[in-house]
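Residues in the sequence shown are numbered consecutively from 1430, following the working numbering. Just so it is clear, CB atoms sit at the ideal spot from N, CA and C, and this is done for glycine as well.
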Amino acid sequence: MIVKGAGLDTRDVTTLLEKIYGKLGIDALACSRRNLLDKGILCPRNEDVALINDTAMKLFGMYLPDSPQTHTYTSADTHIELPDGEVMPSEYLNTFDTPELPPHVLNLKVGCPLMCLRISIQK
């Protein structure tokens, strides 16, 4: 499925997820480990990845009798003292969303697949 336009909205993402995985919120077979691990979605932009992940997490097992709870994890918060004595607050650092850094907030559900990648930058 090709999604045209500058950005995605939740309706587009829900349709995309249903075409690839099936009804994640209703069908137990769609939430099966084999169905989830055999397929994947590649995105060129981090904003699209975040939107797809958030939508899939909300849909995953939503109407199943033993619907998994969402667990939220945040990064460790520390401040950075700059050479000139200024302090960069952690609230400001938590707003950064770059490919080199993991997200500040990570939402997970038991049973959802998790892919860990390590980006190696060689110079």
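Checklist line | Nearest to P1374 (by Cα), restricted to the options C1472, E1520, S1519, L1453 | finding: Beyond the ends of the chain as shown, which are 1430 and 1552, falls residue 1374; an answer cannot be given.
Margin query: Quick check: the Cα distance between E1447 and I1455, rounded to an integer number of angstroms?
Written below: 11 Å
Notebook entry, point to check: Is the segment 1474–1486 in contact with the segment 1507–1524, if contact means three or more CB pairs nearer than 8 Å?
Noted result: no
Margin query: According to DSSP, K1538 sits in a beta bridge with which residue or residues?
Written below: According to DSSP, which records beta bridges pairwise, K1538 is partnered with T1499.
Check: In whole angstroms, what is the alpha-carbon distance linking P1542 and G1451?
Finding: 16 Å
Notebook entry, point to check: In the DSSP assignment, what are the bridge partners of E1510?
Noted result: V1516
Item checked: Exposed unless 16 or more other CB atoms sit within 10 angstroms - verdict on A1505 -> exposed
Next item on the list: Return the first residue and the last residue of the alpha helix (DSSP H) that N1482 is part of.
Entry: 1475–1488
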